[in-house]
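Chains as they are written, first to last, in the working numbering: chain A, 1 to 138; chain B, 139 to 276.
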DNA sequence: TTTATTTATGCAACATTATTGCATCTGTGA
DNA sequence: TCACAGATGCAATAATGTTGCATAAATAAA
Ligand SMILES: [Mn+2]
Ligand SMILES: [Mn+2]
Ligand SMILES: [Zn+2]
Ligand SMILES: [Zn+2]
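This is how it looks when you write it as structure tokens:
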């Protein structure tokens with residue numbers, strides 16, 4: 001990932017170009033799976049925890065990242081491959097959590113099946129599947 | 139819910155009969171939706187927080203309750219209507235979270251669709267749907 | 001029923017995760 | 001280059017959950 005594209009991504013989302021934002025964004029672009037806050041904290045030790053939290057929040061606000069809830073309470077964050085905006089986050093893809101390596105992946109090719117519930121108005125749906133990922137299964 | 143049945147439920151799961159356990163179990167049996175820890179804490183003020191946590195844990199261990207993860211990080215707990223045991227919790231039903239009243243419901247009649255992911259070994263699946271519940275929708 | 005054993009409870013302390021206030025620093029547009 | 005909105009770091013605080021330990025209560029044994 002070259003630095004030019006990082007900067008453009010930040011500019012396109014009307015975010016100021018800072019070292020922290022570049023480093024965080026780069027990590028997400030290079031990772032092939034979602035990252036937890038702990039992942040970031042471990043690797044980007046030269047930034048304050050608070051700054052990392054605020055960086056995640058601004059990325060989510062702008063539609064660069066989406067939060068992936070986890071049963072264990074440790075949320076992860078994934079890139080919004082589809083075009084999310086500050087106005088609307090929409091993610092109808094399945095999330096996979098590997099029981100072995102612990103990684104969480106976005107599976108954009110797998111959409112969450114629509115559920116019909118009589119008498120209910122169904123909005124968002126969130127499907128988290130666990131098991132063994134492609135790497136750990138072979 | 140009469141007290142006899144409460145006691146029998148506890149006995150059947152080899153748990154000692156205590157006031158706290160009876161009160162907590164009664165609340166779950168009377169509620170028509172899942173309860174969060176905060177729900178319990180607000181209503182059962184005469185018990186220590188730690189005791190409520192431990193009560194929830196023992197109920198989960200024995201297969202009386204199951205934990206329902208929530209995007210917001212506040213887990214809820216629902217009764218295991220099917221026969222769960224200390225050995226195996228199995229819940230393949232959909233969970234619904236109402237955007238209006240905030241209640242979370244177990245929908246035992248709605249099973250989580252099975253997902254096939256090539257190269258992956260798929261195990262558990264967790265589907266949380268949000269929208270308006272039957273009450274808030276009418 | 002009484003006693004002994006096991007388990008549950010309450011309190012305090014601690015751990016973890018996340019947020020807020022505020023002074024200072026930095027990026028950006030003028 | 002300058003002014004200013006916005007970002008950062010640090011300290012304090014909040015929210016949620018866990019652990020250790022003394023005491024109390026429930027159940028088993030006598
Ligand atoms: Mn995703
Ligand atoms: Mn349920
Ligand atoms: Zn894996
Ligand atoms: Zn509702």
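Backbone N, C-alpha and C fix where the C-beta goes; we use that ideal spot for every residue, glycine too.
Computed from a prediction, not measured in an experiment: that's the story for all the values here.
Considering only heavy atoms of ligand 2 and the C-beta of each residue, which residues fall inside 7 Å, strictly closer? So the residues near ligand 2 by this Cβ test are 172(B), 204(B), 206(B), 216(B), 229(B), 231(B), 233(B) and 244(B).
Within 8 Å, strictly: CB atoms of residue 91(A) and residue 57(A): Locating residue 91(A) in the first chain gives position 91, where the first residue counts as 1. Locating residue 57(A) in the first chain gives position 57, where the first residue counts as 1. A distance of 8 Å or more separates the beta carbons of residue 91(A) and residue 57(A).
Using 7 Å as the cut-off, classify the Cβ of residue 273(B) as near or not near the heavy atoms of ligand 4, replying yes or no. Reading the second chain from its first residue, position 135 is the one you call residue 273(B). The closest heavy atom of ligand 4 lies less than 7 Å from the beta carbon of residue 273(B).
Would you say the beta carbon of residue 238(B) comes nearer than 7 Å to a heavy atom of ligand 4? As a working mapping, residue 238(B) is identified with position 100 in the second chain. Using a cutoff of 7 Å, the CB of residue 238(B) counts as near ligand 4, since one of the ligand's heavy atoms is closer than that.
Indicate, with yes or no, if ligand 3 has a heavy atom lying under 7 Å from the CB of residue 141(A). Only positions 1 to 138 of chain A appear in this structure, which leaves residue 141(A) out of reach.
If we count the other Cβ atoms within 10 Å of its Cβ and call it buried at 16 or more, is residue 184(B) buried or exposed? Sequence index remark: in the second chain, residue 184(B) carries index 46 (1-based). Under this definition residue 184(B) is an exposed residue.
Ranges of the beta strand (DSSP E) found wholly within the segment 149 to 232 of chain B, counting only runs of at least 3: Runs of the beta strand (DSSP E) inside the segment 149 to 232 of chain B: 203 to 206 and 214 to 217.
Out of curiosity, what's the CA-to-CA distance linking residue 209(B) and residue 30(A)? The residue given as residue 209(B) occupies position 71 in the second chain. The residue given as residue 30(A) occupies position 30 in the first chain. Taking the Cα positions, residue 209(B) is about 26 Å away from residue 30(A).
Three-state secondary structure (DSSP) at residue 266(B)? What you label residue 266(B) is simply residue 128 of the second chain in a count that begins at 1. Strand, per DSSP.
Applying the 10 Å Cβ sphere with the 16-neighbour rule, what's the burial state of residue 115(A)? Here residue 115(A) refers to the residue found at position 115 of the first chain. With 16 or more other Cβ atoms within 10 Å, it is buried.
Check the Cβ of residue 120(A) against every Cβ in chain B and list those closer than 7 Å, keeping chain order. Within the first chain, the letter at position 120 stands for residue 120(A). Within chain B, the residues whose beta carbon sits less than 7 Å from that of residue 120(A) are 234, 269, 270, 271, 272 and 275, listed in sequence order.
Among the residues of its own chain, which have a CB less than 8 Å from the CB of residue 238(B), if the five just before and after it don't count? Walking along the second chain from the start, residue 238(B) turns up at place 100. Shown here for residue 238(B): same chain residues with a beta carbon closer than 8 Å to its own, the five before and five after excluded, namely 270, 271 and 274 in chain order.
Burial state of residue 216(B), where buried means 16 or more other Cβ atoms lie within 10 Å: One-based indexing of the second chain puts residue 216(B) at position 78. By the neighbour-count rule (16 or more Cβ atoms within 10 Å), residue 216(B) is buried.
Give every residue of the same chain whose Cβ lies closer than 8 Å to the Cβ of residue 112(A), excluding the five residues on either side of it in the sequence, and list them in chain order. Within the first chain, the letter at position 112 stands for residue 112(A). By the criterion of a C-beta distance shorter than 8 Å, residue 112(A) is surrounded in its chain by 92, 93, 94, 125, 126 and 127, once the five residues flanking it on both sides are discounted.
Is residue 103(A) a contact residue of ligand 3, with contact defined as CB to any heavy atom under 7 Å? Position 103 of the first chain, counted from the start, is the residue given in the question as residue 103(A). In this structure, residue 103(A) has its beta carbon less than 7 Å from a heavy atom of ligand 3.
Below 7 Å on C-beta distance, what does residue 43(A) contact in chain B? Locating residue 43(A) in the first chain gives position 43, counting from the first residue. Neighbours of residue 43(A) on chain B: none; closest Cβ ~23 Å, over 7 Å.
Please name the residue in 80(A), 63(A), 18(A) and 76(A) whose C-alpha comes closest to that of residue 51(A). Start at 1 with the first residue of the first chain, and residue 51(A) comes out as number 51. It is 18(A).
Mark residue 76(A) as exposed unless 16 or more other C-beta atoms lie within 10 angstroms of its C-beta, in which case mark it buried. To locate residue 76(A), count along the first chain from 1; it is residue 76. Around the CB of residue 76(A), 16 or more other CB atoms lie within 10 Å, so the residue is classed as buried.
How would you call residue 223(B), buried or exposed, if buried means at least 16 neighbouring beta carbons within 10 angstroms? The residue given as residue 223(B) occupies position 85 in the second chain. Its Cβ having fewer than 16 others within 10 Å, residue 223(B) is exposed.
Other residues of its chain near residue 172(B): CB distance less than 7 Å, five sequence neighbours each side excluded: Here the question's residue 172(B) lines up with position 34 in the second chain. Hits under 7 Å: 206, 214, 215, 216, 242, 243 and 244.
Assuming residue 182(B) contacts residue 161(B) under a Cβ cut-off of 8 Å, what Cβ separation, rounded to an integer in Å, is found between them? On the second chain, position 44 is the one that residue 182(B) refers to. On the second chain, position 23 is the one that residue 161(B) refers to. Rounded, the Cβ-Cβ distance is 6 Å, consistent with contact.
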